[in-house]
Amino acid sequence: MFKQIKMKKITIAIDGFSSCGKSTMAKRLAAQLGYVYVDTGAMYRAVTLYALQQGFIDNDAFDKQALVEALPQVLVSFTSDGGVLLNNTRVDELIRGVQVSAWVSEVSSIKEVRQQMVQLQRGMGQNKGVVMDGRDIGTVVFPDAELKVFVTADAKVRAQRRYDEWQAKGVEVNFEEVLKNVQERDYLDQHRAESPLVQAADAVVLDNSFMSREEQQDWLMQQVNNVCKE
Ligand code: DC
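Going letter by letter, the sequence shown gives residues 21 to 250 in the numbering used here.
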């Protein structure tokens, strides 16, 4: 009989700036470890889509109170293959749209929205064996996570990555505008009143400005191994 070596399951929190490639690396890490992956940004995006669909956001007016009152009717969940469900309808594509992207910072700054999402996220990670990415996972959602990674990269490098993505899709964009947008989002994420983006004191920092995807995965696995053998 082979002796089965069982590695303990841990909670992995991956936080950091937008356009750092957090989701891609978190998804890959979860697949490598056989863990559940939770993209919390997608959850805030789904709530934003709901607000748009219900007409709570209309042109430049946002009826926040109406959204707060409707929150008990907003059900956000994931399919086993990582799809995002809003009230049982798959919305993976819709939550990446321009309107959702334009309003999600505003929606994710509402206290009641955050409370509901954090409660859901804690439920999704209660059995450990989870990789969750976002802005407040290591500080608010799972302050006791065994591994916390804070991802950062030079703003110009992130803007270039975004610019290249748009170009690849055939969308003409101006680099300076993309950079400005990245810097604005950084500012909003770091300065909002509710759960701003801050590095947890016990997080390990990953600056991936000049790292390949493979180098990042190796670095992450190294961190997991360090924690699991402690
Ligand atoms: O990671 P993303 O770009 O899909 O996130 C969308 C928005 O949601 C972004 O403005 C930051 C916000 N967010 C948040 O406030 N807290 C999280 N845990 C995840 C995302």
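Quick reminder that beta carbons are idealized off the backbone N, C-alpha and C, glycines included.
Quiz prompt | Best match in R178, V169, N79 and P216 for proximity to Q242 [C-alpha to C-alpha] | solution = V169
Practice problem: Please confirm whether any heavy atom of the ligand DC lies closer than 7 Å to the CB of R65. | Solution: yes
Quiz item: Buried or exposed: where does S210 fall if 16 or more other Cβ atoms within 10 Å of its Cβ makes it buried?
Solution: One detail in the question is off: residue 210 reads as Gln in this sequence, not Ser. Exposed, because fewer than 16 other Cβ atoms sit within 10 Å of the Cβ of Q210.
Quiz item: Regarding I157 and the ligand DC, is the C-beta to nearest heavy atom distance less than 7 Å?
Solution: Under cutoff, so the answer is yes.
Exercise. Rounded to whole angstroms, what's the CA-CA distance from S229 to V150? Just pull it up for me.
Key: Answer to the nearest angstrom: the Cα atoms are 26 Å apart.
Practice problem: Per DSSP, which residues does D59 bridge with? Please list them. | Solution: D153
Quiz item: So, helix, strand or coil for G41, using DSSP?
Solution: coil
Quiz item: At what residues does the beta strand (DSSP E) containing T106 begin and finish?
Solution: According to the sequence provided, residue 106 is Leu. The question's Thr does not apply to it. Per DSSP, L106 belongs to the beta strand (DSSP E) from V104 to L106.
Quiz item: Could you give the distance in angstroms between the alpha-carbon of A46 and the alpha-carbon of D153?
Solution: Going from the Cα of A46 to the Cα of D153 covers about 7 Å.
Quiz item: Is I115 closer than 8 Å to V133 when the C-beta atoms are compared?
Solution: Not in contact: V133 and I115 (Cβ atoms no closer than 8 Å).
Quiz item: Leaving out five residues before and five after C40 in sequence, what residues of the same chain have Cβ atoms less than 8 Å from its Cβ?
Solution: Counting only residues of its own chain and dropping the five nearest sequence neighbours on each side, C40 has a CB closer than 8 Å to the CB of V171, T172, A173, R178 and N228.
Quiz prompt | Any non-hydrogen atom of the ligand DC closer than 7 Å to A62 Cβ | solution = Relative to the ligand DC, the nearest heavy atom lies less than 7 Å away from the CB of A62.
Practice problem: Would you kindly check if the distance between the Cβ of I130 and the Cβ of D35 is under 8 Å? | Solution: no
Quiz item: In terms of residue numbering, what span does the beta strand (DSSP E) encompassing S97 cover?
Solution: V96 to F98
Practice problem: Pick out whichever of R182, M27, K28 and A33 has its Cα sitting closest to the Cα of P163. | Solution: Ranking the options by Cα distance to P163, first place goes to A33.
Quiz prompt | Coil, strand or helix - L217 by DSSP | solution = L217 falls in the coil class under three-state DSSP.
Practice problem: Could you tell me the boundaries of the alpha helix (DSSP H) in which D80 lies? | Solution: Unbroken run through D80: none, as it is neither H nor E.
Quiz item: Is it buried or exposed for D238, if we count other Cβ within 10 angstroms and need 16 for buried?
Solution: It counts as exposed.
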